[in-house]
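Below you'll find the structure, written out as structure tokens, and then a few comments.
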Amino acid sequence: MAVLVTGGAGYIGSHTVAALLERGEEVVIVDNLQQGHKEALLGGKLYVGDLRDAAFMDSVFQENDIDAIIHFAANSLVGESMTQPGKYYHNNVYGTLCLLEKMNQHGVGKIVFSSTAATYGEPENVPIDEYDRTLPTNAYGETKLSMEKMMKWFDVAHGIKSISLRYFNAAGAHESGRIGEDHRPETHLVPIVLEAALGKRPHIAVFGDDYDTADGTCIRDYIHVSDLADAHILAVDRLRGGADSSIYNLGNGKGFSVKEVIEIARAVTGKEIPAVIQPRRSGDPAVLVASSQRARSELGWNPRRDKLEDIIESAWKWHVAHPNGYQE
Ligand code: UFG
Numbered sequence: 001m002a003v004l005v006t007g008g009a010g011y012i013g014s015h016t017v018a019a020l021l022e023r024g025e026e027v028v029i030v031d032n033l034q035q036g037h038k039e040a041l042l043g044g045k046l047y048v049g050d051l052r053d054a055a056f057m058d059s060v061f062q063e064n065d066i067d068a069i070i071h072f073a074a075n076s077l078v079g080e081s082m083t084q085p086g087k088y089y090h091n092n093v094y095g096t097l098c099l100l101e102k103m104n105q106h107g108v109g110k111i112v113f114s115s116t117a118a119t120y121g122e123p124e125n126v127p128i129d130e131y132d133r134t135l136p137t138n139a140y141g142e143t144k145l146s147m148e149k150m151m152k153w154f155d156v157a158h159g160i161k162s163i164s165l166r167y168f169n170a171a172g173a174h175e176s177g178r179i180g181e182d183h184r185p186e187t188h189l190v191p192i193v194l195e196a197a198l199g200k201r202p203h204i205a206v207f208g209d210d211y212d213t214a215d216g217t218c219i220r221d222y223i224h225v226s227d228l229a230d231a232h233i234l235a236v237d238r239l240r241g242g243a244d245s246s247i248y249n250l251g252n253g254k255g256f257s258v259k260e261v262i263e264i265a266r267a268v269t270g271k272e273i274p275a276v277i278q279p280r281r282s283g284d285p286a287v288l289v290a291s292s293q294r295a296r297s298e299l300g301w302n303p304r305r306d307k308l309e310d311i312i313e314s315a316w317k318w319h320v321a322h323p324n325g326y327q328e
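Counting from 1, position 153 in the sequence shown corresponds to residue 153 in UniProt numbering; the numbering is continuous, with no gaps.
Structure representation (structure tokens):
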């Protein structure tokens, strides 16, 4: 039996492929390489193509004995989703519809879905749990919520079981140092801070220091990408064991401000890392911190790389070894 990983050549996808291979799973990857990198794959069988290409997907299902899917393939830039929502509905929502139709047609009944804390929008409670209100403040989060809901109705009608994993802020790199984070363009705080430490950027721009938080900058819950990868495998196991559909938050339950992240990065790298305060970025909630109690108790998930110093250290190791990312 094989696990099909869509978007497996992307950042979180490639770390999950690595974790699946480490436990001896047969892995098939579908990626259109719009964002993914071939070099991010440490193994597995790669099909380059798009979920929306029916004939292509038929051949993937026909040529492999797939029993479960981990679905990452999607666009995920909050800012871009606000100017090009159509791109997000087409790739994310329609792409997922195509995938679910093909799963149904080929008799595959288990899917683990890469969702996001952006489904909550501005939180009502901190930490956020899975029963809290979902009211996305950006088109990206809205499409991910639509994808979750679509899966629910494919369960009702066709018995396709899904586990949606709502991640908070993924960061860090694989302990081997061979794979890491390489987005083009890069918009995420941790890699941008490390690019500033490497001298690839003159400074880090801090988006707003007038939020209602202790130091005025936004607070986020940073989680190691390999701890996320482990959660996907636990979710596959749970579905293989016959569990019903469900939704889990994945975070460490501890918030760090933008200024605190920069301070820790200065300590880890030994570099000065100049910071410049700039206006707020639109759509940024002040505080996003997860309650992951449910994932801990039901999935048996236990994040092992939960110190922010260690998360940033692992990312730094990757950045120093790959100053130009995957294409050197
Ligand atoms: N930030 C800066 N300067 C930068 C980049 C980011 O100050 O150059 C700040 C942001 O304003 C935010 C924090 O750093 O306050 C974290 O920003 P990221 O872009 O790294 O992450 P986000 O919290 O915006 O978004 C991430 C994922 C989304 C996901 C969301 C859910 O990128 O896909 O977490 O929590 F939806």
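We treat Cβ as the ideally placed atom computed from N, Cα and C, and that holds for glycine.
Bear in mind that the values here come from a model prediction, so they are computed numbers and not experimental data.
Query                                                                                                  : Result
Run of the alpha helix (DSSP H) containing Thr96, from where it starts to where it stops               : 95-106
Simplified DSSP assignment, three categories, for Asn32                                                : coil
Cβ neighbours of Leu46 in the same chain (closer than 6 Å, five flanking residues each side left out)  : Ile29
Coarse secondary structure for Gln278, derived from DSSP in three states                               : strand
Local Cβ density within 10 Å of Trp316, reported as buried at 16 or more and exposed below that        : buried
Which of helix, strand or coil DSSP assigns to Ser176                                                  : coil
Whole-angstrom distance between Ser257 and Arg220, CA atom to CA atom                                  : 6 Å
Three-state secondary structure assigned by DSSP to Asn169                                             : strand
DSSP-derived helix/strand/coil call for Ile160                                                         : coil
Member of Tyr11, Asp50, Phe72 whose CA lies at the smallest distance from the CA of Leu42              : Tyr11
Contact test: Gly121 Cβ vs ligand 1 heavy atom, cutoff 7 Å                                             : no
Counted within 10 angstroms of its Cβ, other Cβ atoms place Ala295 as buried (16 or more) or exposed   : buried
Residues that Val27 bridges to, as DSSP identifies them                                                : Val3
Close beta carbons around Gln293, own chain, < 8 Å, minus the five adjacent residues each side         : Asp129
Which of helix, strand or coil DSSP assigns to Arg220                                                  : strand
Candidates Gly86, Lys254, Glu263: closest to Ala290 by CA position                                     : Lys254
Where Val287 sits in the DSSP three-state scheme                                                       : strand
Residues sharing a beta bridge with Tyr248, DSSP                                                       : Leu165
Beta-bridge partners of Phe207, as assigned by DSSP                                                    : Gln278
Burial state of Asn138, where buried means 16 or more other Cβ atoms lie within 10 Å                   : buried
Cα-Cα separation, Pro279 to Asp210                                                                     : 9 Å
Collapsed DSSP secondary structure at Asp67 in the structure displayed                                 : strand
Backbone CA spacing between Thr217 and Gly242 [nearest angstrom]                                       : 43 Å
CB-CB length for Val225 against Ala170, believed under 8 Å                                             : 5 Å
Cβ separation of Glu175 and Ser314, assumed to be a contact under 8 Å, to the nearest whole Å          : 7 Å
Same chain, Cβ closer than 7 Å to Ile262, five either side skipped, listed in chain order              : Val193, Ile204, Ile273, Ala275
Close Cβ partners of Gly121 (< 6 Å) along its chain, the five nearest in sequence each way excluded    : Leu135, Pro136, Thr137
Whether Phe207 touches Met151 by CB criterion (8 Å)                                                    : no
Range covered by the alpha helix (DSSP H) that runs through Ser314                                     : 308-321
8 Å CB neighbourhood of Gly95 in its chain, flanking five on each side removed                         : Asp50, Leu51, Arg52, Ala73, Ala74
Helix, strand or coil at Thr83 according to DSSP, with G and I counted as helix                        : helix
DSSP bridge partner residues for Val193 (one or two, in chain order)                                   : DSSP, once it has assigned bridges, lists no residue as partnering Val193.
Rounded C-alpha distance that separates Met147 from Gln327                                             : 32 Å
Bridge partners - Ser115, DSSP secondary structure assignment                                          : Arg166
Cβ neighbours of Ala100 in the same chain (closer than 6 Å, five flanking residues each side left out) : Residue identity differs from the one stated: residue 100 is Leu in this sequence, not Ala. Within the same chain, Leu100 has close Cβ partners Phe154.
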